[in-house]
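Okay, structure first, notes after.
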Amino acid sequence: MSSISIDSCAEILLLADQHHSKDLKSRVIQFIIGGNLRDIIQTDGWHKYVACIPDLVTE
């Protein structure tokens, strides 16, 4: 994986959480809060992978 994108970040966040990859999870969270949140929450991936896991979303 070379980079995180708006379309892939929700799935990557979920996988990072499942595999206890703190570094990757931190990179994805920084990507999200770095100005991409509005676009990300409108993607199908956000609703499919993250919105159904409230504990992960609130981190």
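Going by UniProt numbering, the sequence shown wraps up at 59, each residue one higher than the last. C-beta: ideal position from N, C-alpha, C; glycine also.
Burial state of residue i, where buried means 16 or more other Cβ atoms lie within 10 Å
i, result
"residue 17", "buried"
"residue 9", "buried"
"residue 33", "exposed"
"residue 25", "buried"
8 Å Cβ shell around residue i - same chain, five flanking residues per side excluded
i, result
"residue 30", "none"
Alpha-carbon to alpha-carbon, residue j and residue i
i, j, result
"residue 35", "residue 41", "12 Å"
"residue 14", "residue 4", "13 Å"
"residue 27", "residue 20", "13 Å"
Close-in-space but distant-in-sequence residues of the same chain around residue i (CB under 7 Å, 5 per side omitted)
i, result
"residue 6", "36, 39, 40, 43"
Cβ shell of residue i (< 6 Å), same chain only, five flanking positions each side left out
i, result
"residue 11", "45, 49"
Distance cut-off 6 Å: residue i Cβ against heavy atoms of the ligand ATP
i, result
"residue 43", "Ligands are entirely absent from the displayed structure, and the ligand ATP is therefore not among its contents."
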